[in-house]
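**Student:** Pasting in a structure now, in structure tokens, and then I'll have a few things to ask.
Numbering (my numbering), first residue to last: 12 to 334.
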């Protein structure tokens with residue numbers, strides 16, 4: 012499906028539903044701003060728009076075949092962005108679903124391509140049907156609006172991850188179990204997936220002395236600096252979460268090891284005590300004649316010996332702080 016939004020700066024008017032064969036012509040007007048949004052697409056729709064604008068076949072191929080890699084490529088007269096939007100659902104597996112968003116950014120136009128609906132893009136599109144705010148400041152500002160909308164959806168995800176880590180840490184100390192480890196490992200995979208999506212986007216929109224790898228008008232640079240700051244904050248949070256999860260896994264492993272060692276120590280003490288008594292009873296239980304074997308005094312001596320040795324070993328263990 013193809014939706015178009017055309018803003019004319021001379022007349023300050025908005026138009027919609029521009030025919031494909033007219034897209035290139037209207038976008039050549041320096042006073043116009045054209046947004047072509049392609050979603051729930053069929054390959055022939057992408058090919059038709061690409062042919063009209065003269066997009067490179069490699070960029071078109073990247074649109075049709077999804078890729079987890081975030082990047083920006085510069086072509087003659089336009090830039091091609093491959094970005095990703097995230098959706099978090101704690102009850103699903105995997106918890107994070109990624110939606111690819113491809114963007115062609117030209118001097119007077121922007122073309123967005125996404126297979127499924129992206130809420131932030133949908134909100135801007137709905138507003139652009141009756142309000143020229145996002146269209147009147149140029150395609151670079153519209154690009155900022157789209158990416159900023161996607162970035163805003165990351166913050167609730169970060170908050171959910173923070174809450175979940177806190178809950179798992181509390182549960183880890185109160186009720187340690189194998190399921191906690193599995194939860195932490197799943198959370199670690201989620202964090203890695205988020206980091207792979209966000210970190211490249213942070214590098215793309217990071218500025219060096221207010222210069223970008225793509226064309227940004229001077230009046231729109233403050234917006235991108237703010238966007239870069241948001242992405243930096245999210246990236247820092249993800250890095251902290253990764254360290255927290257790894258630290259929690261190490262702590263849980265240490266707790267498990269300590270618990271195992273405690274169990275082994277108790278079992279060793281029990282084994283030592285019973286081994287001594289077993290030795291004594293084994294000697295006097297041999298099927299050979301022994302002195303005083305059939306007297307009542309022998310039984311008392313054997314019992315006292317076992318009790319004395321056991322008590323003596325317990326005292327030694329206690330003094331050495333083994334128990």
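Cβ atoms here follow ideal geometry from the backbone N, Cα and C, with glycine treated the same way.
What does the alpha-carbon distance come out to for the pair residue 316 and residue 324?
**Tutor:** If I take the Cα positions, the gap works out to 12 Å.
**Student:** In the DSSP assignment, find the alpha helix (DSSP H) that holds residue 156 and state where it starts and stops.
**Tutor:** 150 to 163 is the span of the alpha helix (DSSP H), which, as asked, contains residue 156.
**Student:** Terminal residues of the continuous beta strand (DSSP E) containing residue 82?
**Tutor:** Run containing residue 82: 82 to 86, per the beta strand (DSSP E) assignment.
**Student:** Grab the span of the alpha helix (DSSP H) containing residue 29 for me, first residue to last.
**Tutor:** Looking at the DSSP string, residue 29 is not in any alpha helix (DSSP H), and its letter there is neither H nor E.
**Student:** Indicate the three-state DSSP secondary structure (helix, strand or coil) for residue 126 in the structure shown.
**Tutor:** Of the three classes helix, strand and coil, the one that applies to residue 126 here is coil, per DSSP.
**Student:** Unbroken beta strand (DSSP E) runs of length 3 or more, entirely within the segment 39 to 93: which are they?
**Tutor:** 43 to 50, 82 to 86, all fully within the segment 39 to 93.
**Student:** For residue 121, which three-state DSSP category applies?
**Tutor:** Note: residue 121 maps to strand in three-state DSSP.
**Student:** Have a look at the DSSP bridge pairing and note the partners of residue 100.
**Tutor:** In the DSSP output, where bridge partners are listed per residue, residue 100 has none listed.
**Student:** Would the beta-carbon of residue 223 fall within 7 Å of that of residue 155?
**Tutor:** Not a contact, by the Cβ cut-off of 7 Å.
**Student:** Distance check for residue 208 and residue 81, CA to CA, integer angstroms please.
**Tutor:** Each residue's alpha carbon lies about 7 Å from the other.
**Student:** Tell me, please, which residues DSSP counts as bridged to residue 108.
**Tutor:** Answer is 98.
**Student:** Spell out a yes or no on whether the segment 31 to 42 and the segment 94 to 113 are touching, meaning 3 or more CB-CB pairs, one atom from each, closer than 8 Å.
**Tutor:** Flag = no, the segment 31 to 42 and the segment 94 to 113 do not touch.
**Student:** Here's a check: name, in chain order, each residue in its chain whose Cβ is nearer than 8 Å to the Cβ of residue 202, leaving out the five neighbours to either side.
**Tutor:** 172, 249, 252, 253, 256, listed in sequence order.
**Student:** Below 8 Å on the Cβ atoms is my contact criterion, and I expect residue 91 with residue 158 to pass it. Report the Cβ-Cβ distance as a whole number of Å.
**Tutor:** With 8 Å as the limit, residue 91 and residue 158 do not qualify as a contact, their Cβ atoms being about 14 Å apart.
**Student:** So, for residue 211: in the same chain, excluding its five sequence neighbours on each side, which residues have a beta-carbon less than 8 Å away from its beta-carbon?
**Tutor:** Excluding residues within five positions, the ones whose Cβ falls inside 8 Å are 80, 81, 82.
**Student:** In the DSSP assignment, find the unbroken beta strand (DSSP E) run with residue 15 in it and report its ends.
**Tutor:** 13 to 19 is the extent of the beta strand (DSSP E) around residue 15.
**Student:** What does DSSP give as the partner residues of residue 115 in its beta bridges?
**Tutor:** 91, 122, per the DSSP bridge assignment.
**Student:** Can residue 62 and residue 42 be called in contact, C-beta distance under 7 Å?
**Tutor:** Contact: no.
**Student:** Whole angstroms is fine: what's the gap from residue 184's alpha carbon to residue 69's?
**Tutor:** Going from the Cα of residue 184 to the Cα of residue 69 covers about 53 Å.
**Student:** On a Cα-Cα basis, can you pick out the residue from 136, 118, 64 that is closest to residue 151?
**Tutor:** Nearest of 136, 118, 64 to residue 151, Cα basis: 118.
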